[in-house]
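Chemist: Provided herewith is a single structure, encoded as structure tokens, for subsequent inquiry.
Numbering (the UniProt record's numbering), first residue to last: 1 to 222.
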């Protein structure tokens, strides 16, 4: 949510003016403040010139980055901007988040996306392998029926030489297709298991990063 005129303008200065004032007293360039707040310098410039207003969560982030109370930034009431130890610690954490935590999470997310994409491709191959396997079994059964049609009194036992003699091209084609289907099924199942293990390991790493981030945040609040 963005704040309206009643909170944007108080005590003779606007919300944008207070953001600009706090940034300058914190000794931050517009680019540095924007980077640590997780926005572009163009967006911060729009906020400082009152062409647009930040959402509530971004206002809280700006207050931490610039070392001011959220109440002062929103309404102009409270302590005036000054560089504090808490602000320095927040900036240190912001840099850690910007250069370590967020890139790690983005990289992890990209890997998950890639692995899920591979999973879809493997699933298509598995379905293809099953179709080939079923088709090959149907072909072999058709050879069996073809041979049996000449001896209706009893259903003969078809040996490999008999099947080859009946239709060598069809036999070897269906046999090769069946073997290919089994190989594809086995390979894709093993790869799927490996991907499940990768994703589980990645989720564990993300949980550990979130825990370290939470511990760091609690330490800053104390």
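Glycine included, C-beta positions come from ideal geometry on N, C-alpha and C.
Along the chain, where does the alpha helix (DSSP H) that runs through residue 65 open and close?
Modeler: Per DSSP, residue 65 belongs to the alpha helix (DSSP H) from 56-66.
Chemist: Assign residue 29 to one of two classes, buried (16 or more other C-beta atoms within 10 Å of its C-beta) or exposed (fewer than that).
Modeler: Under this definition residue 29 is an exposed residue.
Chemist: Between residue 43 and residue 58, what straight-line distance do the alpha-carbon atoms span, to the nearest angstrom?
Modeler: The straight-line gap from Cα to Cα measures roughly 11 Å.
Chemist: Does the separation of the CB atoms of residue 47 and residue 19 fall below 8 Å?
Modeler: Taking 8 Å as the Cβ cut-off, residue 47 and residue 19 qualify as a contacting pair.
Chemist: Can you give the Cα-Cα distance for residue 17 and residue 64, rounded to whole angstroms?
Modeler: If I take the Cα positions, the gap works out to 17 Å.
Chemist: Looking only at its own chain, which residues have a Cβ that is under 8 Å from the Cβ of residue 33, when we skip the five neighbours before and after it?
Modeler: Excluding positions up to five away in sequence, the list reads 23, 26, 44, 62, 65 and 66.
Chemist: For residue 77 and residue 14, what's the separation of their Cα atoms in angstroms?
Modeler: Those two C-alpha atoms are separated by around 12 Å.
Chemist: Can you check which of these residues, 60, 72, 70 and 69, is closest to residue 36 by C-alpha distance?
Modeler: Comparing Cα positions, the closest option is 60.
Chemist: CB-CB under 6 Å to residue 54, same chain, minus the five flanking residues each way: which ones, in chain order?
Modeler: Excluding sequence neighbours, residue 54 sits near 47.
Chemist: Between residue 52 and the rest of its own chain, which residues show a CB-CB distance below 7 Å, the 5 nearest in sequence each way excluded?
Modeler: Excluding residues within five positions, the ones whose Cβ falls inside 7 Å are 46.
Chemist: In angstroms with no decimal places, state the Cα-to-Cα distance between residue 68 and residue 21.
Modeler: Cα-Cα distance, rounded: 11 Å.
Chemist: Give me the Cα-Cα distance between residue 1 and residue 50, rounded to the nearest whole angstrom.
Modeler: Unreliable placement is indicated for residue 1, whose pLDDT of 40 sits below 50; the coordinate value is still reported in the next sentence. In a straight line, the C-alpha of residue 1 is about 15 Å away from that of residue 50.
Chemist: Helix, strand or coil for residue 40, going by three-state DSSP, please let me know.
Modeler: Residue state, collapsed to three classes: coil.
Chemist: Grab me the residues of residue 40's own chain with a C-beta within less than 7 Å of its C-beta, minus the 5 sequence neighbours each way, in chain order.
Modeler: Contacts found: 34.
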